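Residue 185 is where the sequence shown starts when you use this note's numbering, and the numbers rise one by one after that.
Cβ atoms here follow ideal geometry from the backbone N, Cα and C, with glycine treated the same way.
Note that the structure is a prediction, hence the values are computed from the model and not measured.
The structure appears right after this line, and notes come after that.
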Amino acid sequence: MKKTLLASAIAIVATSHAYADYQFELGAVYTQGEATNTDYDGFGIGGEFHFDKVDTSKGPLAEASFLDKSSFVSFAFISEEDDVANADEEETTNIGGRFVTATNIIIEADWTTVDTGNSDADSIRVGVGTYLNDNSDVVVSYTTEDDNNADVDYLDVAFHGVNPLNQGASVAYDVAVGYIDTDNDSGYQIAVGGTYYFNTMFGIGVNAGITDVGDASSDTISIDASFFPNPQIELYASIFDSSIEVNNNDADADGILLGAAVRF
185 MKKTLLASAI AIVATSHAYA DYQFELGAVY TQGEATNTDY DGFGIGGEFH FDKVDTSKGP
245 LAEASFLDKS SFVSFAFISE EDDVANADEE ETTNIGGRFV TATNIIIEAD WTTVDTGNSD
305 ADSIRVGVGT YLNDNSDVVV SYTTEDDNNA DVDYLDVAFH GVNPLNQGAS VAYDVAVGYI
365 DTDNDSGYQI AVGGTYYFNT MFGIGVNAGI TDVGDASSDT ISIDASFFPN PQIELYASIF
425 DSSIEVNNND ADADGILLGA AVRF
């Protein structure tokens, strides 16, 4: 659930032919739901600074920086709190960036820390890839995570693409496959997703993922929508559901996330 919320926050950071190039994006999200029979709510902020103006005329506005092969730095912060007395806030911070060379080589890096009040977990990710063509890329990334003195390593291969259709519509897709290595076990994770853009301003997508490591497994699914009432403002909504099984004990979570971002 944490990774789902973080990814959504970073992402927040059309029949229309009115384009507005931008260099900064700032956004905020609100989330609420239930995890292991306990209600929670939270908020988040995020942003991106692009090294050059982003050309938004190449396809869906939500995919503008990808289609323009933009280089940028980003940040995101999310705070969640259970609706119980004296509950500690869980704070997640991410700082990262993506650099695309003149020869379409992609270099990515980010750092994430999760503070639950009683413990901390830190992870560092580095990735290298390339644009396969103007509408698709592949990135191989390595992540190392220190969670309460337990080390976890991830090796992932991720594909992303945006295919134009007729009458201004397009479809975007994501496929990611990863290997996970812990102190005691190893396993895998698989994620797939797709978004149908009715035009450059409005899209609806479905994303799903599974993870299996030793005696622990999880699955997550979300339905997401992005709408630009004008080229400078994005409204975002996500409904998600996840379940985790550890040693035959189940823990479920579900919730919603609402967000908005402004570009300038």
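| Item | Value |
| --- | --- |
| How would you call N431, buried or exposed, if buried means at least 16 neighbouring beta carbons within 10 angstroms? | exposed |
| Can you list, in chain order, the stretches of the beta strand (DSSP E) that have 3 or more residues and sit fully within the segment 283-367? | 289-299, 304-317, 320-331, 334-348 and 354-366 |
| What span of residues does the beta strand (DSSP E) with A248 cover, start to end? | That residue, A248, is in no beta strand (DSSP E); its alpha helix (DSSP H) goes A248 to L251. |
| Just to check my reading of the structure: D424 and E418 have Cβ atoms closer than 8 angstroms, yes? What is that Cβ distance to the nearest angstrom? | Checking the sequence, you will find Phe at residue 424 rather than Asp. In fact, because the Cβ distance is near 19 angstroms, the residues do not count as touching under 8 angstroms. |
| Leaving aside the five residues before and after S249 along the sequence, list all residues of the same chain whose C-beta is less than 7 angstroms from its C-beta, in chain order. | H234, V238 and F256 |
| For the pair the segment 337-346 and the segment 355-369, tell me if three or more CB-CB distances fall below 8 angstroms. | yes |
| Identify the continuous beta strand (DSSP E) that holds L441 and give its terminal residues. | N433 to R447 |
| Take V376 and list the residues in its own chain whose beta-carbon comes closer than 7 angstroms to its own, dropping the five residues that flank it on each side. | D358, V359 and A392 |
| Go through the segment 382-423 residue by residue and report every complete run of the beta strand (DSSP E) that reaches 3 residues or more, in order. | 386-397 and 400-414 |
| Should A271 be counted as a contact of the ligand ATP given a C-beta to heavy atom distance under 7 angstroms? | The model on display carries no ligand, and the ligand ATP is accordingly not part of it. |
| Can you grab the Cα-Cα spacing for the pair A435 / N221, in whole Å? | 8 angstroms |
| Alpha carbon to alpha carbon, how far is A421 from Y381? Give it in angstroms, no decimals. | 15 angstroms |
| What do you get for V346, buried or exposed, if any count of 16 or more other CB atoms within 10 angstroms of its CB means buried? | buried |
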